[in-house]
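Residue numbers (this note's numbering): 943 to 1203. A short write-up of the structure that comes next.
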């Protein structure tokens, strides 16, 4: 073994460290002025326009599947009165923020990565640094904040549409009782359930924006490198989102006691 040999995971560790450093730079640059308000509005509108309709369409089958499975399970164990609480809490706490984050990463994040990647290979980012303009503050901060804002907005939309879809399939297709569906939800649900859903959505939006920006700033050579960076950003974001969802859910269940406990 030579003196300068490195272990196989060294490159992955370096990439992880650089991604983490970019996230810290984004947090540090958020309060700095001048804030690129026009860039933020443009990115917010673009991400919302490409994610709004897919989010509404995806939330309906998600709510339906959860309601149908939980309705069938509660009928087998004789707990039909808790179908509403179980399905609504599953949609709000788990399905809604995950679906929102996947759409933000797949639609808005990929476009964000492609835009920054094309700027990088055209050496626009290098030109900004030569001129003394911080590309993180000028380009990345508005995009990350826009992804976080759209994620919080879409999370509410997905929650409402998913709950309505679950209510329809449970009451109409499985013969559930509307009163029992709503009563069980109001008996077991609490306000922190909604807060953790929004917190997850905002954190997932931040991660999606930072990962897309990092891969856009570090593409391979040529257009093929930009395409590879877009694919990598989506895959990396998906993996991080599921890991973060596990961590946040575990912390929430440990910190917030169930209603009535």
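Glycine included, each C-beta is placed from N, C-alpha and C at the ideal position.
- Straight-line measurement puts the Cα of residue 982 at about 11 Å from the Cα of residue 1090.
- Excluding the 5 residues flanking it on each side, residue 1061 has same chain C-beta neighbours closer than 7 Å at 1067, in chain order.
- Residue 1088 places its beta carbon 8 Å or farther from that of residue 972.
- Taken through DSSP and simplified to helix, strand or coil, residue 990 comes out as helix.
- Judged by beta-carbon spacing, residue 1156 lies beyond the 8 Å limit of residue 1012, meaning their Cβ atoms are not closer than that value.
- Contact check for residue 1104 against residue 1004 passes: the beta carbons are separated by less than 8 Å.
- Of the residues assessed, residue 1097 falls on the buried side of the cut-off, its CB having 16 or more other CB atoms within 10 angstroms.
- In the DSSP assignment, residue 1161 falls outside any alpha helix (DSSP H), carrying neither H nor E.
- The residue from 1184, 1158 and 1036 with its alpha-carbon nearest to that of residue 1065 is 1158.
- Linking residue 1177 to residue 1151 through their CA atoms gives a straight-line distance of about 13 Å.
- DSSP places residue 976 outside any alpha helix (DSSP H), giving it a letter other than H or E.
- Leaving aside the five residues that flank residue 1107 on each side, the residues in its chain whose CB is nearer than 6 Å to its CB run, in chain order, 1002, 1005 and 1006.
- Per DSSP, the unbroken alpha helix (DSSP H) holding residue 1062 starts and ends at 1052-1063.
- Short of 8 Å from the beta carbon of residue 1139, and not among the five residues preceding or following it, lie these beta carbons of its own chain, in chain order: 1034, 1035, 1038, 1039, 1097 and 1101.
- A buried status is given to residue 1049, since no fewer than 16 other beta-carbon atoms sit within 10 Å of its beta-carbon.
- With respect to the 8 Å criterion, residue 1093 and residue 1051 are not classified as neighbours on the basis of their beta carbons.
- Under the 10 Å beta carbon count, residue 1095 is surrounded by 16 or more other beta carbons and is classified as buried.
- Sequence-distant Cβ neighbours of residue 1172 in its own chain, meaning closer than 6 Å and more than five residues away, are 1052, 1055 and 1056.
- Take the alpha-carbon of residue 952 and the one of residue 1130: they are about 48 Å apart.
- In the structure shown, the three-state DSSP call for residue 1192 is helix.
- Your pair residue 1047 and residue 1180 checks out as a contact, with CB atoms roughly 7 Å apart and the cut at 8 Å.
- Residue 985 sits buried, since 16 or more C-beta atoms from the chains shown fall within 10 Å of its C-beta.
- When DSSP states are grouped into helix, strand and coil, residue 965 belongs to the helix group.
- Bounds of the alpha helix (DSSP H) holding residue 1084 are 1083-1110.
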